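Comments concern the structure below.
2 protein chains.
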Amino acid sequence: MTTLSRRDFVAGSLTAGAALAASSSALAAPDRNAIYKEIERRQADSVARLQEWLHQPSIAAENMGMQEGSELTRKLLQDAGFQHAEIMPTKGAPGVFATLDAGARNTLAVYFMYDVKQVDPSEWSSPPWEARLIDKPNVGKVVMARGAVNQKGPQAAFLSALHAIRGAGRKMPVNLVVVADGEEEIGSPNFPEVVLAPKVRAALSKAVGLMLPEAGQELDGSVTIELGSKGDVELDLIASGEKWGRGPTRDVHSSYAARIDQPAWRLVQALNTMVTATGEPAIDGFFDNVKPLSAAEQAMLDVAAQRLDEAVAKESAAVKVWSRDANFRRALEDGVSRPTLTIEGLVGGYTGPGGKTILPHRMTAKIDMRLVPNQTPDELIGKVKAHLAKRGFGDIEVNVNGGVNETTTTSPDSALIRAARATYKRYGIDALMWPRSGGSWPGSVFTGEPLKLATADFGVGYGDGAHAPDEFYLIESKNPKVLGMHDATKSHVDLLYALA
Amino acid sequence: MTTLSRRDFVAGSLTAGAALAASSSALAAPDRNAIYKEIERRQADSVARLQEWLHQPSIAAENMGMQEGSELTRKLLQDAGFQHAEIMPTKGAPGVFATLDAGARNTLAVYFMYDVKQVDPSEWSSPPWEARLIDKPNVGKVVMARGAVNQKGPQAAFLSALHAIRGAGRKMPVNLVVVADGEEEIGSPNFPEVVLAPKVRAALSKAVGLMLPEAGQELDGSVTIELGSKGDVELDLIASGEKWGRGPTRDVHSSYAARIDQPAWRLVQALNTMVTATGEPAIDGFFDNVKPLSAAEQAMLDVAAQRLDEAVAKESAAVKVWSRDANFRRALEDGVSRPTLTIEGLVGGYTGPGGKTILPHRMTAKIDMRLVPNQTPDELIGKVKAHLAKRGFGDIEVNVNGGVNETTTTSPDSALIRAARATYKRYGIDALMWPRSGGSWPGSVFTGEPLKLATADFGVGYGDGAHAPDEFYLIESKNPKVLGMHDATKSHVDLLYALA
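Printed below as a string of structure tokens:
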């Protein structure tokens, strides 16, 4: 659910921000003015509520503050009007499940995460749990804290929308179901048990879709709506004397190389069979199940190629040329349509400065594969193994080393996506439609069987620094291209009415 | 000069220790009995002198105690009768140069090192600088300290031999020149300036050879005389987006792999060209200058194949089979006659546990090449570069990452080697003659132009744990197969008389 894993892999920023900042009142339907005024009246409360949330560290990777974080999240949901709010224990950190029954026709599901990434406080210019308000040049007044943009700030804006609707004496226009993940930053290993618990699943099954509050704007004001994500699987490929039956079974002095075999060369040779001369995946059958892009997806890419700036896209990817010397339109298509085979790292033997005269018994390649519809992780793991075995490298171990994500897909014609696009238009934003993110997330528990929910990140607003020091979320914008927390809150009000 | 770099790469231990421990007095020429008695009388002094030396840490890698160590070494040489003993400053740790003019016909040069490897005291069962005397089961009374066997113990035995000869009122049978290295454990980067300083070079040029005191016995009592060493050169081969002009110039998210190139695959492909399908070096011209083994060297291998135990050799190398499925005789020959191309390590991108979804901009292979006569480091570095360039991999950086050693060779017919063999025979040891060590050392400053000295490690005795915790040197043997410091001292007396 992080910026890193699900955003930022479009292609570079839009060439120009959409026209923004037409006055809020002019855009608002007359019957929402009371709500918008309530947002303004409650601005100090909204910021204080966000700061209270940010003061609570909850780091799943360090099992720190998870109980406190889940209880605070439950309390925040209760305060926002959820009649039912319940902590859901798991083998790991608990989730939170909450429902708000407004007697409305439609129900919206909302994904929260309450855990945050680790911090090294020495790297921060402002202490990461103090959530200080800071004037940031060219941006405005921001709250700086771990979790500010990923995702407590955007989630707090959503909660403020609910407070404002209640405060204005209005009935909630849709029913709401919130599921809050406590382990997003470690790959959500236990979240499916929360989502698929019978009562949670029953509640979610009524929803028109799942919305993930985000600060959706780039610094140029643009917003991208991603209609899914690639799957991924990460593998360790390991050559070793133990499994090979040749070469040493422990590291030995490199002088032995004259008369013993080297697992390191074996790994190099096995890897070499996995790509073509130009570095394309060459695993047998790797592309067999790739679903071609639809005409609608191709049309999205045509628009993107017009609107996006290739120079910015190349700078984001730190390259001078695209693979296969593709033009920009082709590179954009490659980004969404091609599965990938990446060496994340090579490690084994001596890895420090200078040299050390050893002959390693074991060598590892860390591999990442990204999948497109209709590929599955199990299919590609099997193809890697079969490919190696067929070439006499059956001794190379193929070990899944982390989380595995299926692809996710949401239709551009779903009610949620249509409502999101229409709401952005109220803010002068013509959201770029994007077939799928290059990043991955464990969202197939929502988009796959049995729930088959549409999903969408949503929210105007801005922030930066997810997973990095000095993470921040914009409260009061001084930059005409991006919007602050007030408008972010307003955009959630507008989305709820659009879904009503 | 370490056990690690110059010994232990023969082929495994001898099948059985030579018959040992015939009584010393029966073996000794009558006129040396007074000297032998003097060794016995001075045994406590000898051990105390060694302990004094061991109490002084001198770690070149940490620039610790180098001045103190060099001064102590000079004092020990003066005490042993050297008329001239001088500290030789270098850009790094100083060397020591000493001469003892006995008015004798022949001169012997002796190599000392006074630096030692780093320690982690928490890993030691006895504090590494206390040099405690400890009873070691199945071995005897040992002194345990960093530097005990590598090389202060054997060097102290040599000094004790000089004290005993003087103590018995005898004239030294040969003149002596000592050069002491303070940076052996970091590759002796500055030692050539000591050796080739005009007065040192002049003194060394009179010598019949250079003797390196060692504890030469394996635990089965056997001794191997190595008639040279392979050369070596260590390289970093680096693929990077910066040099390639394709792929990223910083690490980026792995989702970019669908449309950008990967330096990691490029390194894999470049490396793959450097070996045959069975992992043999395939660099153009790699074997061109390899000098075939002589008939005398082949004969040594015939003897070795009879005397060495293949099962022990395989256990030492941690393998079940030799390269190319060679038989033992062939594997022994490969060990001494083949140059090597080894991957010491692969490192780049994410190298920790699990996975991390990055696409690295830079990937490094750490390569070690071992050379045989008549190859040179510069030749092989040039061949690696030419090989890569010819195959379109001219962007791969080829950087020497450490010390570079030429091959060294000593004739089995040199006076020093003949004297060493003959002396070992006095102790019942039929030393195994070995064409060259698989390890390397910066000895070409002695064996090459202009000095062209024969070199030989020499000394009975036993110790273990060089570069490891609980390093020790045997003082009083309780194991009938290995000899203690008394006999080690005696063997140095006998060598000097054999050279007279």
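Those protein sequences? They're chains A and B, same order as listed.
Just add 39 to the spot in the first sequence (first one is 1) and you have my numbering.
Just add 39 to the spot in the second sequence (first one is 1) and you have my numbering.
We put the beta carbon where it would ideally sit given N, CA and C, even for glycine.
Keep in mind it's a predicted model, so treat the numbers as computed, not measured.
Using 10 angstroms around the beta-carbon of residue i, count the other beta-carbons present and answer buried if the total reaches 16, otherwise exposed.
i: A/Pro10; result: Nothing in the structure corresponds to residue 10 of chain A, since chain A is present only between 40 and 539.
i: B/Pro160; result: exposed
i: A/Lys191; result: buried
i: B/Phe326; result: exposed
i: B/Asp174; result: exposed
i: B/Gln122; result: exposed
i: B/Asn214; result: buried
i: B/Asn229; result: buried
i: B/Asn540; result: Residue 540 of chain B is absent from the model: chain B starts at 40 and stops at 539.
i: B/Gly324; result: exposed
i: B/Pro563; result: The structure shown does not extend to residue 563 of chain B, since chain B is modelled only from 40 to 539, so the question has no answer here.
i: B/Lys529; result: buried
i: A/Gly255; result: buried
i: A/Arg45; result: Because A/Arg45 sits at a pLDDT of 39, beneath the cut-off of 50, its placement in the model cannot be relied upon, and the following sentence gives the value as read from the coordinates. The residue is buried, with at least 16 neighbouring Cβ atoms inside 10 Å.
i: A/Thr486; result: buried
i: A/Ala65; result: Per-residue confidence for A/Ala65 stands at a pLDDT of 40, beneath the threshold of 50, marking its modelled position as unreliable; the derived number appears in the next sentence. Its Cβ having fewer than 16 others within 10 Å, A/Ala65 is exposed.
i: B/Leu535; result: buried
i: A/Glu77; result: buried
i: A/Ala241; result: exposed
i: B/Arg144; result: exposed
i: B/Ser62; result: Any reading at B/Ser62 is ruled out, since the residue's pLDDT is 39, under 50, leaving its predicted position unreliable.
i: A/Thr449; result: buried
i: A/Gly523; result: buried
i: A/Glu273; result: buried
i: B/Arg88; result: buried
i: B/Ala83; result: exposed
i: A/Asn438; result: exposed
Indicate whether residue i and residue j have their beta-carbon atoms separated by less than 8 Å.
i: B/Pro299; j: B/Gly284; result: The identity of residue 299 of chain B in the sequence shown is Ile, whereas the question assumes Pro. Going by C-beta atoms, B/Ile299 is not nearer than 8 Å to B/Gly284.
i: A/Ala278; j: A/Met402; result: yes
i: B/Ser268; j: B/Thr446; result: yes
i: B/Ala100; j: B/Met211; result: no
i: B/Val291; j: B/Leu398; result: yes
i: A/Gly221; j: A/Ser355; result: no
i: A/Pro489; j: A/Val375; result: no
i: A/Thr396; j: B/Gln301; result: no
i: B/Lys520; j: B/Asp275; result: no
i: A/Ala195; j: A/Ser109; result: no
i: A/Ala137; j: A/Val217; result: yes
i: B/Ala537; j: B/Leu427; result: no
i: B/Ala246; j: B/Thr146; result: yes
i: A/Glu383; j: B/Ser294; result: no
i: A/Lys491; j: A/Asn413; result: no
i: A/Ala297; j: B/Gly441; result: no
i: B/His400; j: B/Gly502; result: no
i: B/Leu306; j: A/Gly387; result: no
i: B/Ala148; j: B/Leu266; result: no
Can you round the beta-carbon distance between residue i and residue j to whole angstroms, since I take them to be within the 8 Å contact cut?
i: A/Met152; j: A/Ala207; result: Going by Cβ atoms, the distance from A/Met152 to A/Ala207 rounds to 28 Å, so no, they are not a contact pair.
i: B/Ala321; j: B/Met313; result: 6 Å
Can you tell me whether residue i sits near the ligand FAD, meaning its C-beta is under 7 Å from at least one heavy atom of the ligand?
i: A/Thr486; result: Ligands in the displayed structure: none, and consequently the ligand FAD is not present.
- Task: Below 7 Å between beta carbons is the criterion; list the residues of the region 337-364 of chain A that meet it against any residue of chain B, in chain order.
- Result: Using a CB distance below 7 Å, the part of the region 337-364 of chain A facing chain B consists of Ala356, Ala357, Val358, Lys359, Val360, Trp361, Ser362, ordered along the chain.
- Message: For the region 308-341 of chain A, list every residue whose C-beta sits within 7 Å of some C-beta in chain B, in sequence order.
- Response: Taking 7 Å as the upper bound on Cβ-Cβ separation, chain B lies near residues Gln308, Leu310, Asn311, Val314, Gly318 of the region 308-341 of chain A.
- chain A contacts from the region 390-406 of chain B (Cβ-Cβ distance under 9 Å): Within the region 390-406 of chain B, the residues whose Cβ lies closer than 9 Å to some Cβ of chain A are Thr390, Gly391, Pro392, Gly393, Gly394, Lys395, Thr396, Ile397, Leu398, Pro399, His400, Met402, Thr403, Ala404, Lys405, Ile406, listed in chain order.
- Query: When the Cβ atoms of the region 249-269 of chain A are set against those of the region 492-510 of chain A, are three or more pairs found closer than 8 Å?
  - Reply: Counting Cβ pairs under 8 Å, three or more are found: they touch.
- Item | Short-range partners of chain B found in the region 423-448 of chain A, where Cβ spacing is below 8 Å | Of all residues in the region 423-448 of chain A, Asn440, Gly441 have a Cβ within less than 8 Å of some Cβ in chain B.
- Counting pairs of beta carbons, one from the region 93-101 of chain B and one from the region 177-189 of chain B, are three or more of them closer than 8 Å? Output reads yes: the region 177-189 of chain B touches the region 93-101 of chain B.
- Task: Using a Cβ-Cβ cut-off of less than 8 Å, list which residues of the region 281-304 of chain B approach chain A; keep chain order.
- Result: Answer in chain order: Gly284, Arg285, Gly286, Pro287, Thr288, Arg289, Val291, His292, Ser293, Ser294, Tyr295, Ala296, Ala297, Arg298, Ile299, Asp300, Gln301, Ala303, Trp304.
- Using Cβ-Cβ distances below 8 Å, what residues of the region 87-105 of chain B are close to chain A? Hits within the stretch: zero.
- Message: Could you check whether the region 198-207 of chain B touches the region 516-531 of chain B, counting it as contact only if at least three pairs of C-beta atoms, one from each stretch, sit closer than 8 Å?
- Response: Because the criterion of three Cβ pairs below 8 Å is met, the region 198-207 of chain B and the region 516-531 of chain B touch.
- Check whether the region 425-434 of chain A touches the region 464-478 of chain A, counting contact only when three or more Cβ pairs, one atom from each stretch, lie closer than 8 Å. Cβ pair count under 8 Å is below three, so no.
- Query: For the region 476-487 of chain A, which residues have a beta carbon sitting closer than 9 Å to at least one beta carbon of chain B?
  - Reply: Here the close residues are Ser476, Gly477, Gly478, Ser479.
- Using a Cβ-Cβ cut-off of less than 7 Å, list which residues of the region 366-377 of chain A approach chain B; keep chain order. Answer in chain order: Ala370, Asp373, Gly374, Arg377.
- Contacting positions in the region 154-188 of chain A - beta carbon closer than 8 Å to chain B: Within the region 154-188 of chain A, no residue qualifies.
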